[in-house]
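Since the structure comes first, as structure tokens, the remarks are kept for the end.
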Amino acid sequence: MPSDVGATTEAATVTTTVDMMVLGSGVAGLSAAVRAAEVGMSVVVLTKAEIGNSTTRYAQGGIGAAMEEPDSPELHLSDTLAAGAGLCDPEATRVLAVEGPERIRELIALGASFDPRASEIPGFARGREGGHSVRRVLHAGGDATGVEVERALVAATRARAAEVREGWFASSLIVEAGRCVGVRASDPAGMPHEVRATNTLLATGGIGALYAVTTNPPLATGDGLGMAWRAGAALCDVEFVQFHPTALHHPARPRPLLSEALRGEGAHLRDESGGLLMEGVHPLGDLAPRDVVASAIARRMAEADVEHLWLDATGVVDVDERFPTIVASCRSLGLDPGVDWLPVAPAAHYLCGGVAVDLDGATTVPGLWACGEVAASGVHGANRLASNSLLDGLVFSGRCVEALARGKSSAERSGVLCGGSGRGPVPDGNTSLDSITPAEPETADAVPSLEALQVTMTREAGVVRTAESLERAAAVLDSFRGGATFPDGREEAELDNLVITGHALVASALRREESRGTHQRADHPGTREGWLGRLFVTRGHEPDYVPLPSVRTPPTRSHVP
Ligand code: SIN
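The numbering used here puts the first residue of the sequence shown at 617, with every later residue one more than the last.
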């Protein structure tokens, strides 16, 4: 269906109007675009890179879903809840576990191909990763699952004739009378445009570029979070940044990932002296949930004053066939996983929180939707179960389009919004609003570089935090201007998005005076029952604590004067 029905409104500004605009071209964005086009909506996908170039393609391990017995959605649900350290939304997590298998069958029908069982019995090969009680994880090309998922979705998007605009950068949302009606964006030549849509879907991925050590591509600049926050939408759970325990210790950006599936096939973590790291730490040993493994590595590295530990994959059978991407990347750096122990250290990997959404991906701003890593759907709680991210993108993008098709127009009290967002009506993003950051740095010289911010975030707001380290990160964030209502240009907007996200993350991490899942406070060890709730961040406000519905006791705020 042709989408351009608008007219030129002023020099260099073209107004386009579509039913649905999708920002981002990873698994969440493209599966939404395909589904929306299938139900007859006019769709435009805006992506700041080329279609197919997204974090999705870096996914190695696979997609976890209960595709066949003896596995079951109940078991997948209970593993996900256990990994999430008390903060998964049970309703959203049930949706993920129950609807996941059908969404994967739909993806296969679109052309995605997963590795079959080696035996005569028909079905898929299933790998195991941290926190899974059974072999459940489907993979493609051994360890190239994201590449295959992205390939199939790009082909399906093109086949459904959804319009794709590559190299288009969306810098801010247009909010009129409290409703999101599209975005301001620049085309590949840098010309400004307004692209208007009845509904706008954020599928812009994560925030890895906030950290110096990350598995994410440099594109992951928190664009959706920054835009949503500027428009008055609520963010939540942003203190929960998942660190992948086993990124190859190497200066490359992104850090080469050594999939948890290696440990699922028998690889072991070893400390600086060669001892087995996870022995006695957790009943699941090397396959403990990711937060447990990452913090065990980080703490050991600090105690021994070393920059990395070791992954011993020398015992993995058929490592070349099963993990061709990893083997090739190691060999290109002179390492042979069949022979050498591999140097590893944790790296920022995935944001468990994000833009707060209900069970259908509706945000607190009508007309604005979010799915995939940018969204806090509630299924990851304080720590995402390995290989649940592609599934999250598939399941909640599907629900979002189905909700739009049946005429839903704004968020309900469900999912992470079941207890409310902690804020009243959403402001109109066209008005100038207070920033959570100081307006100006003291002198031009005081403005630090993005690189300095990334190093600071890795050191001070990384795997293990304290109030002092977080205050130091906050001070560096404060020296950026940040929070512009309509930032000019791509670089300024990306930096602004990272600074906004950094502020939300650090303010929430300071406020949460406990250790839970991926949020580990050395000065507040242990999980506290009184913190069984979410921190919501909205523009102009300190993080707002909303207890989970069954919990009534608010936490103390000892650090707040
Ligand atoms: C991995 O393969 O270890 C990463 C998978 C994930 O992040 O879920």
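Note that beta-carbon positions come from the ideal geometry of N, C-alpha and C, so glycine has one too.
Out of the options, state which residue places its alpha-carbon closest to the alpha-carbon of residue i.
i, options, result
"residue 1023", "1067, 636, 903, 771", "636"
"residue 1113", "825, 723, 659", "825"
"residue 1016", "645, 898, 811, 1146", "645"
"residue 1073", "1027, 1123, 1105, 1106", "1123"
"residue 1006", "762, 806, 1157", "762"
"residue 900", "935, 744, 793, 639", "744"
"residue 642", "986, 716, 1147, 1090", "986"
"residue 1146", "715, 909, 703", "703"
"residue 1018", "829, 653, 692, 629", "653"
"residue 1009", "689, 719, 667, 798", "719"
Are there 16 or more other CB atoms within 10 angstroms of the CB of residue i, so buried, or fewer, so exposed?
i, result
"residue 710", "buried"
"residue 933", "exposed"
"residue 727", "exposed"
"residue 738", "exposed"
"residue 1137", "buried"
"residue 647", "buried"
"residue 1159", "buried"
"residue 1065", "exposed"
"residue 998", "buried"
"residue 699", "buried"
"residue 875", "buried"
"residue 1141", "exposed"
"residue 1150", "buried"
"residue 721", "exposed"
"residue 962", "buried"
"residue 867", "exposed"
"residue 1059", "Residue placement at residue 1059 is poorly supported in this model, since its pLDDT is 45, which falls under 50; the coordinates are not used for a value here."
Output the distance between the C-alpha atoms of residue i and residue j, rounded to the nearest integer angstrom.
i, j, result
"residue 921", "residue 946", "25 Å"
"residue 672", "residue 765", "8 Å"
"residue 665", "residue 684", "37 Å"
"residue 1056", "residue 990", "For residue 1056, the predicted structure reports a pLDDT of 43, less than 50, and the residue's modelled location is therefore unreliable. The matter cannot be settled from this model."
"residue 881", "residue 1134", "24 Å"
"residue 865", "residue 696", "28 Å"
"residue 941", "residue 1025", "43 Å"
"residue 860", "residue 819", "22 Å"
"residue 938", "residue 879", "12 Å"
"residue 870", "residue 1071", "14 Å"
"residue 1164", "residue 1132", "15 Å"
"residue 981", "residue 885", "45 Å"
"residue 1097", "residue 954", "49 Å"
"residue 1108", "residue 806", "13 Å"
"residue 1092", "residue 841", "20 Å"
"residue 892", "residue 1079", "21 Å"
"residue 713", "residue 660", "30 Å"
"residue 1185", "residue 803", "No information on residue 1185 is available, as it lies outside the stretch 617 to 1177 that the chain covers here."
"residue 834", "residue 872", "13 Å"
"residue 1105", "residue 682", "44 Å"
"residue 667", "residue 656", "22 Å"
"residue 1173", "residue 736", "Here the model assigns residue 1173 a pLDDT of 47, short of 50, so the residue's position is not dependable, and the following value carries that caveat. The straight-line gap from Cα to Cα measures roughly 60 Å."
What span of residues does the beta strand (DSSP E) with residue i cover, start to end?
i, result
"residue 858", "857-864"
"residue 1183", "Outside the displayed span of the chain (617 to 1177) sits residue 1183, for which this structure offers no information."
"residue 973", "Careful: residue 973 lies outside any beta strand (DSSP E) and carries neither H nor E."
"residue 913", "Taken as a continuous stretch (DSSP letters only), residue 913 belongs to no beta strand (DSSP E), being part of the alpha helix (DSSP H) at 906-920."
"residue 986", "984-986"
"residue 964", "958-967"
"residue 1097", "Per DSSP, residue 1097 belongs to no beta strand (DSSP E) and is neither H nor E."
Is the distance from the Cβ of residue i to the Cβ of residue j below 7 Å?
i, j, result
"residue 754", "residue 679", "yes"
"residue 787", "residue 1103", "yes"
"residue 1083", "residue 1139", "yes"
"residue 705", "residue 750", "no"
"residue 996", "residue 959", "no"
"residue 930", "residue 849", "no"
"residue 1037", "residue 1012", "no"
"residue 823", "residue 967", "yes"
"residue 927", "residue 883", "yes"
"residue 984", "residue 1030", "no"
"residue 748", "residue 831", "no"
"residue 1125", "residue 1081", "yes"
"residue 784", "residue 662", "yes"
"residue 918", "residue 897", "no"
"residue 634", "residue 847", "no"
"residue 816", "residue 649", "no"
Along the chain, where does the alpha helix (DSSP H) containing residue i start, and where does it finish?
i, result
"residue 819", "Run containing residue 819: none; DSSP gives neither H nor E here."
"residue 1107", "1106-1127"
"residue 1012", "1005-1021"
"residue 1036", "Careful: residue 1036 lies outside any alpha helix (DSSP H) and carries neither H nor E."
"residue 1066", "1066-1076"
"residue 765", "761-775"
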